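Trainee:
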Amino acid sequence: DFARLRRLMTTPVLIDLRNVYRREEIARHGFRYASVGRPGEDMPHAERDPASEAAQ
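Heads up, the final residue of the sequence shown is numbered 56 in UniProt numbering, and it's a clean run with no missing numbers.
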């Protein structure tokens, strides 16, 4: 139950190591969400190209 879990946590962060949950569902319950292997809006470095940044 995400509502109960959220109430018990000081810092509501869920790290989904198996990509089981949908970001929208977790955010609706007040959690920050991060997943492994799936690009996300709170991981901007996942979209960067280090080679093009070095050339600038």
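Virtual Cβ for every residue (Gly too), placed ideally from N, Cα, C. Given the structure is predicted, the values throughout are model-derived calculations rather than measurements.
#1: What is the C-beta distance between Phe2 and Val13, in whole angstroms, given that I count them as a contact (C-beta under 8 Å)?
#2: Per DSSP, Ala34 is paired with what?
#3: Keeping to the same chain, check which residues put their C-beta closer than 7 Å to that of Gly37; ignore five residues upstream and five downstream.
#4: I'd like to know whether the C-beta atoms of Ala27 and Tyr21 end up nearer to each other than 8 Å.
#5: Express the C-alpha separation of Thr10 and Glu25 in angstroms, rounding to a whole number.
Mentor: Quick look at the numbers:
#1: Locating residue 2 in the sequence shown gives position 2, where the first residue counts as 1. Locating residue 13 in the sequence shown gives position 13, where the first residue counts as 1. 13 Å between Cβ atoms; not a contact.
#2: As a working mapping, residue 34 is identified with position 34 in the sequence shown. Answer by DSSP bridge pairing, in chain order: Ile15.
#3: Numbered from 1 along the sequence shown, position 37 holds the residue referred to as residue 37. Only residues of its own chain outside the window of five on either side were considered, and among them Asn19 have a CB closer than 7 Å to the CB of Gly37, listed in chain order.
#4: On the sequence shown, residue 27 is found 27 positions in, with the first residue counted as 1. On the sequence shown, residue 21 is found 21 positions in, with the first residue counted as 1. Not in contact: Ala27 and Tyr21 (Cβ atoms no closer than 8 Å).
#5: Position 25 of the sequence shown holds residue 25. Position 10 of the sequence shown holds residue 10. Taking the straight line joining both Cα atoms gives about 19 Å.
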